[in-house]
Amino acid sequence: MTKAFIFLGPPGCGKGTQTELLAKELKLPHIDTGSLLRKNIKEETEIGIIAKKFIDKGQLVPIEVVTSVIENRLKSSDCKNGFVLDGFPRSLEQAHSLNKIINNLDFKVELDAIYFDIPVEVLVERLVNRRSCPKCGKIYNLKTNPPKNQNLCDDCNVELIQRKDDTKETALLRFETYDKETRPLIGFYTSRGNLKTVNANQAIEDVWDELIQTIKIRV
Ligand code: AMP
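Numbering of the sequence shown is given in our numbering, commencing with residue 1 and proceeding in unit increments.
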């Protein structure tokens, strides 16, 4: 049985940082829909042109678009040993699509859903201070997890960038979308008996400790 993880939580809750760590630790692919969509935008693909309109407004990209991105990715042979999904599913409709995609794969998947619990009030501040390295993708926070040298990636020494949708205005729209579309997934996975909750309102290392204890992996 292939073990896979999905992560739920509001924008800025730290999913990106923790899922990346988890994927590295378990040597599994880290599949992040937001990054896959941003890559398409950068490369000006057909998917990217559609996605940009929605991302800039803090709205969900249409389900057909994200589903095709995920379906293609999960068919790759590197997913056979498991995968870490970050940012998908983000609505009940997407959760049903994920079930269908998984049922059509030629291997059996056992899903664990992990919810990052954090009060929304602390998140706007986190989002507007978030920066990332355009080369390696490492995520920083100018206040709580700053780079050693001003605005330069510790590992690559290139200038950090801010996501266009990490402005206060778009962040607020993203929270509205989260409340309406994504929050209902907490009830959905709770009722299926496979939701685990992690307190995400802690330092990165403490969230990581709680996460590995919650999903019972050893590091
Ligand atoms: P993220 O990097 O996860 O914060 O995602 C950035 C933006 O990409 C979101 O605000 C959405 O516009 C879009 N996006 C990412 N994942 C999905 C998804 N599963 N469904 C629809 N839109 C998505």
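Where a beta carbon is used, it is the ideal one built from N, C-alpha and C, also for glycine.
Given the structure is predicted, the values throughout are model-derived calculations rather than measurements.
What's the C-alpha gap between residue i and residue j?
| i | j | result |
| --- | --- | --- |
| E121 | K42 | 31 angstroms |
| T190 | I139 | 30 angstroms |
| G137 | I161 | 10 angstroms |
| L152 | L21 | 21 angstroms |
| I6 | N149 | 34 angstroms |
| T146 | L85 | This sequence places Pro at residue 146; Thr is not what is there. Going by the C-alpha atoms only, they are around 26 angstroms apart. |
| L105 | G16 | 25 angstroms |
| P119 | V158 | 33 angstroms |
| I102 | V109 | 7 angstroms |
| L26 | N72 | 22 angstroms |
| N199 | E205 | 12 angstroms |
| F175 | V207 | 21 angstroms |
| R203 | K135 | What sits at residue 203 in the sequence shown is Ala, not Arg. A203 and K135: Cα-Cα distance of roughly 25 angstroms. |
| S76 | G14 | 26 angstroms |
| K100 | E44 | 29 angstroms |
Indicate whether at least one CB of chain B lies closer than 7 angstroms to the CB of residue i.
| i | result |
| --- | --- |
| G193 | The question asks about chain B, but that chain is absent: this structure has only one protein chain. |
Let me check understanding here. Comparing Cα to Cα, which of the options lies closest to residue i?
| i | options | result |
| --- | --- | --- |
| G187 | A95, I102, G14 | A95 |
| L74 | K3, N141, P11 | K3 |
| G48 | I31, L8, V69 | V69 |
| L182 | D112, N145, R90 | The sequence as given places Thr at residue 182; Leu does not occur at that position. Of D112, N145, R90, the residue nearest in Cα terms is R90. |
| K57 | D154, D179, K164 | K164 |
| Q213 | N103, K196, Q202, S97 | K196 |
| S97 | Y178, A23, T67 | T67 |
| K143 | K135, R130, D154 | R130 |
| L111 | W208, G9, G193 | G193 |
| D179 | L92, G82, T45, G14 | L92 |
| I215 | I114, N99, G9, L8 | I114 |
| C133 | D155, L123, W208, T177 | D155 |
| E210 | L185, F116, P184 | F116 |
| L8 | W208, P184, S76 | P184 |
Using a Cβ-Cβ cut-off of 7 angstroms (strictly less than) and excluding sequence neighbours within five positions of residue i, which residues of its own chain qualify?
| i | result |
| --- | --- |
| A51 | L37, N40, I41, V61, V65 |
| L127 | P11, G12, D166, A171 |
| H30 | T19, E20, A23, V84, D86 |
| N201 | I118, P119, V122 |
| N141 | R126, N129, R130 |
| T177 | G58, Q59, L60 |
| E169 | none |
Can you find the residues in the same chain that come closer than 6 angstroms, C-beta to C-beta, to residue i, ignoring five residues on each side of it along the sequence?
| i | result |
| --- | --- |
| F107 | T2, K80 |
| G87 | D32, T33, G34 |
| L220 | In this structure the chain extends from 1 to 219, so residue 220 is not present and cannot be described. |
| G82 | T2, K3, A4, L28 |
Leaving aside the five residues before and after residue i along the sequence, list all residues of the same chain whose C-beta is less than 8 angstroms from its C-beta, in chain order.
| i | result |
| --- | --- |
| F54 | L60, V61, P62 |
| E125 | K143 |
| D78 | P29 |
Does the beta carbon of residue i fall short of 6 angstroms from some heavy atom of the ligand MN?
| i | result |
| --- | --- |
| F107 | Here the bound small molecules are the ligand AMP; the ligand MN is not part of this structure. |
query = In the segment 150-215, which residue ranges form an unbroken alpha helix (DSSP H) of at least 4 residues, counting only runs that do not cross its ends?
reply = 168-177, 184-191, 204-214
task = Write down every uninterrupted run of the alpha helix (DSSP H) in the segment 47-81 whose length is 4 residues or greater and which is fully enclosed by it, in chain order.
result = 63-74
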